[in-house]
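Asks:
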Amino acid sequence: MDMLFNFFENLIFLEEEGVIDKRDREVLFDYWFGQLRYPQRGNLRRYFDRCGYERLAKETNSTYEHEYLGLTHELMEKLKPVIDKFELRKLDSACKIHPFKDCNPDFEDLKFIVFSIDVGKYNEVFREIDKELNYHIRNKNNSYKRICLKISPINEDVWVYIKTSTWKEKLGDCDS
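This note's numbering numbers the first residue of the sequence shown as 47 and each following residue consecutively.
1. Using a Cβ-Cβ cutoff of less than 8 Å, which residues in the same chain neighbour Ser222 once the five nearest sequence positions on both sides are dropped?
2. Look at the alpha carbon of Ser211 and the alpha carbon of Gly166, and state the distance between them as a whole number of angstroms.
3. Look up Ile200 in the DSSP assignment and say whether it is helix, strand or coil.
4. Grab me the residues of Phe132's own chain with a C-beta within less than 8 Å of its C-beta, minus the 5 sequence neighbours each way, in chain order.
5. Which same chain residues, not among the five before or five after Phe94, have their C-beta less than 6 Å away from its C-beta?
6. If you draw a straight line from the C-alpha of Ile200 to the C-alpha of Cys141, how long is it?
7. Label Leu50 either buried or exposed according to how many other C-beta atoms from any shown protein chain fall within 10 Å of its C-beta, with 16 as the threshold for buried.
8. By how many angstroms is the C-alpha of Asn188 removed from the C-alpha of His182?
9. Express the C-alpha separation of Phe54 and Tyr207 in angstroms, rounding to a whole number.
10. Quick check on His119: buried or exposed, where buried means 16 or more other Cβ atoms within 10 Å of its Cβ?
11. According to DSSP, what are the bridge partners of Glu113?
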């Protein structure tokens, strides 16, 4: 994957240097850049921002000063000690998962409260939450799924924990 991301970085560089036109790049590769902007591709956009793909991060609008955490009301109550311990700042409480372009599952009834996390603290915060929820990234039988998705109306990539059963019920075969 890194070879492909380097290729995209080089395309953007060539465009910036005037070697190729933006229009030419868009005609040939806009589909692929569009794939990287899909709401459910937040994990990749985070990777661009954290792993030195500055041009690709800028092209996909993924430069971050903060990490964002979305919790359902139920999880917010369960994780209140973690929220208090790290003094997480509440941003919005009426957020929903941005519709996916490719399979459009119905997440209308799933609302999130979004919190801002300083980039320097996010590993520690997620470690605590994972411990509280008994979540292990390599465990296929977790009760929750942690995924980075585009959230409306703030239009940001937000890490959310969704009950695995809810995720499977809503997405079925569209799970990416």
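For glycine and all other residues, C-beta sits at the position ideal for the given N, C-alpha and C.
Only a predicted model underlies this, so the values are computations on that prediction, with no experimental measurement involved.
Replies: Answer, in terms of the structure:
1. Summary for Ser222: the model assigns pLDDT 45, below 50, so the residue's position carries little reliability, and this model does not support an answer.
2. 32 Å
3. coil
4. Ile163, Lys167, Glu170, Val171 and Glu174
5. Leu102, Ala103 and Ser108
6. 7 Å
7. That one is exposed.
8. 7 Å
9. 31 Å
10. exposed
11. For Glu113, the pairing in a beta bridge is given by DSSP as Ile163.
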